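K.L.:
As given, the protein sequences belong to chains A and B, one line each in that order.
At position 137 of the first sequence (counting the first as 1) the number is 137 in the numbering used here, and the numbers step up by one without a gap.
Every position in the second sequence, counted from 1, becomes a number in the numbering used here once 1000 is added.
Glycine included, each C-beta is placed from N, C-alpha and C at the ideal position.
None of the values given here were measured: they were computed from a predicted structure.
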Amino acid sequence: MNPGTAPARRDRQISQMRRLELLFIIVCSALFVLAARFPTNLGAHWGLMTAALIGGQFIWFRQYRVLDERARLRFLKAWMVTGMFLSNAVALLLLWSFLSTMNTAGAPLNTPPPLPFWPVYLALVGSMLIMWVTNRYLRWKDGA
Amino acid sequence: MNNRLRELRTARGWSQADLADHLDVSRQTVNALETGRYDPSLPLAFKLARLFGQRIEDIFQDDPQP
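This is the structure in structure tokens:
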């Protein structure tokens, strides 16, 4: 390898974390597909979801730890953009749901309005996409 | 911000990866520092100064304002 472009220790650690993240996504996706094809008990579903969430948080935390200061800035900016998008989307959905309930004749006013599943799901998926795109854009801008 | 990082690094015969290992940052960060695309944090600037045995202001020079 050209010594001018040889990876430093920090680059190798970052690459290892990216591989671990990819492996985690593949394993989780395979488990979700299996769980959907072969209905298991509720405990297994909850166990899988909890493990996926905790595992995802752990990987994000570890990723942040191995990043250097410049990459951490990118990571934080991507999370900031994602947070802004998601909080605005959820606020709009709540307002929309509230106004829809208000405009429905005979709707009970003493219960909270229902939050529709698909718009919330799309907001969450959209926020993850926005994080990925922001990260790619910042990496391109930084020449990393 | 202008700097003498490339000059100081090559004087020691180090590659960018060698300097990155000394600073515990990625090689891309060293490249961005050398080309002036990234200004380091104060802790990283002090680390550089200690590593090369120079004062921060001897390594980094502010661009003169037009």
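Spatial neighbours of A:L31 within its chain, please: C-beta separation below 7 angstroms, excluding the five flanking residues on both sides.
P.N.:
Here residue 31 of chain A corresponds to residue number 31 of the first sequence, with the count starting at 1. The residues are L48.
K.L.:
Just mark A:P114 as buried or exposed, buried being the case when its beta carbon has 16 or more other beta carbons within 10 Å.
P.N.:
For the purposes of this step, residue 114 of chain A is taken as the residue at position 114 of the first sequence. Exposed, since its Cβ has fewer than 16 Cβ neighbours within 10 Å.
K.L.:
Buried or exposed: A:A8, going by 16 or more other Cβ atoms within 10 Å of its Cβ?
P.N.:
Residue numbering aside, residue 8 of chain A sits at position 8 when the first sequence is read from its first letter. By the neighbour-count rule (16 or more Cβ atoms within 10 Å), A:A8 is buried.
K.L.:
The alpha helix (DSSP H) spanning B:P1043 covers which residue range?
P.N.:
Residue 1043 of chain B sits at position 43 when you count from the first residue of the second sequence. It spans 1042-1052 - the alpha helix (DSSP H) in which B:P1043 sits, taken as one unbroken run.
K.L.:
In this structure, how does DSSP classify A:F38 when only helix, strand and coil are distinguished?
P.N.:
The count along the first sequence starts at 1 and reaches residue 38 of chain A at position 38. In this structure, A:F38 counts as coil in the three-state DSSP scheme.
K.L.:
Which residues of chain A have a Cβ atom closer than 8 angstroms to the Cβ of B:R1055, listed in chain order?
P.N.:
Within the second sequence, the letter at position 55 stands for residue 1055 of chain B. Those within 8 angstroms of B:R1055 in chain A number zero; the least Cβ separation is about 21 angstroms.
K.L.:
By the 8 angstroms beta-carbon criterion, what residues does the region 10-33 of chain A contribute toward chain B?
P.N.:
Flagged, chain order: R10, D11, I14.
K.L.:
Starting from the C-beta of B:S1026, find all residues in its chain whose C-beta is less than 7 angstroms away, skip the five residues before and the five after it, and write them out in chain order.
P.N.:
Indexing the second sequence from 1 puts residue 1026 of chain B at position 26. Same-chain partners within the cutoff: A1020.
K.L.:
Please name the residue, chosen from A:F75, A:A123, A:T111, that lies closest to A:N88 on a Cα-to-Cα basis.
P.N.:
Here residue 88 of chain A corresponds to residue number 88 of the first sequence, with the count starting at 1. Here the closest residue by C-alpha is A:A123.
K.L.:
Compare the C-beta of B:R1027 against all C-beta atoms of chain A and say whether one is closer than 9 angstroms.
P.N.:
The residue you call residue 1027 of chain B lines up with position 27 of the second sequence. Yes, B:R1027 lies at the interface with chain A (some Cβ there is under 9 angstroms from its Cβ).
K.L.:
Check whether the Cβ of B:L1008 lies closer than 9 angstroms to any Cβ atom in chain A.
P.N.:
For this step, residue 1008 of chain B is matched to residue 8 along the second sequence. Cβ-Cβ to chain A under 9 angstroms: no for B:L1008.
K.L.:
With a 10 Å radius around its C-beta and 16 neighbouring C-beta atoms as the bar for buried, classify B:D1062 as buried or exposed.
P.N.:
For the purposes of this step, residue 1062 of chain B is taken as residue 62 along the second sequence, with counting starting at 1. Under this definition B:D1062 is an exposed residue.
K.L.:
Go ahead and pull the three-state DSSP assignment for B:L1031.
P.N.:
Position 31 of the second sequence holds residue 1031 of chain B. Here residue 1031 of chain B turns out to be Asn, not Leu, going by the sequence shown. Helix, per DSSP.
K.L.:
Going along the chain, which residues of the region 40-74 of chain A sit with their C-beta nearer than 7 angstroms to a C-beta in chain B?
P.N.:
Hits within the stretch, in order: D68, E69, R70, A71.
K.L.:
Of all the residues that make up the region 1032-1043 of chain B, which are near chain A by a beta-carbon distance shorter than 7 angstroms?
P.N.:
Answer in chain order: A1032, R1037, Y1038, S1041.
K.L.:
Could you list the residues in the region 75-88 of chain A with a C-beta less than 9 angstroms from some C-beta on chain B, going in chain order?
P.N.:
Per Cβ criterion, the list is empty.
K.L.:
In chain A, which residues lie less than 8 angstroms from B:A1020 when you measure between Cβ atoms?
P.N.:
The residue you call residue 1020 of chain B lines up with position 20 of the second sequence. Neighbours of B:A1020 on chain A, chain order: A8, R9, R10, D11.
K.L.:
Roughly how many whole angstroms lie between the Cα atoms of B:H1022 and B:F1052?
P.N.:
Translated into positions along the second sequence, residue 1022 of chain B becomes position 22. Translated into positions along the second sequence, residue 1052 of chain B becomes position 52. Taking the straight line joining both Cα atoms gives about 11 angstroms.
K.L.:
Which residues does DSSP list as the beta-bridge partners of B:F1060?
P.N.:
Here residue 1060 of chain B refers to the residue found at position 60 of the second sequence. Answer is B:N1003, bridged to B:F1060.
K.L.:
Just curious, the alpha helix (DSSP H) that A:G126 is in, first and last residue?
P.N.:
For the purposes of this step, residue 126 of chain A is taken as the residue at position 126 of the first sequence. Note, A:G126: alpha helix (DSSP H), 117-142.
K.L.:
Evaluate A:A71 with the Cβ neighbour count: other Cβ atoms within 10 Å of its Cβ, from every protein chain shown; 16 or more gives buried, anything less gives exposed.
P.N.:
The residue labelled residue 71 of chain A in the question sits at position 71 within the first sequence. When all chains shown are included, A:A71 counts as buried.
K.L.:
Spatial neighbours of A:G126 within its chain, please: C-beta separation below 6 angstroms, excluding the five flanking residues on both sides.
P.N.:
Stepping through the first sequence from its first residue, residue 126 of chain A is reached at position 126. Closer than 6 angstroms at the Cβ level, and outside the excluded window around A:G126, lies no residue.
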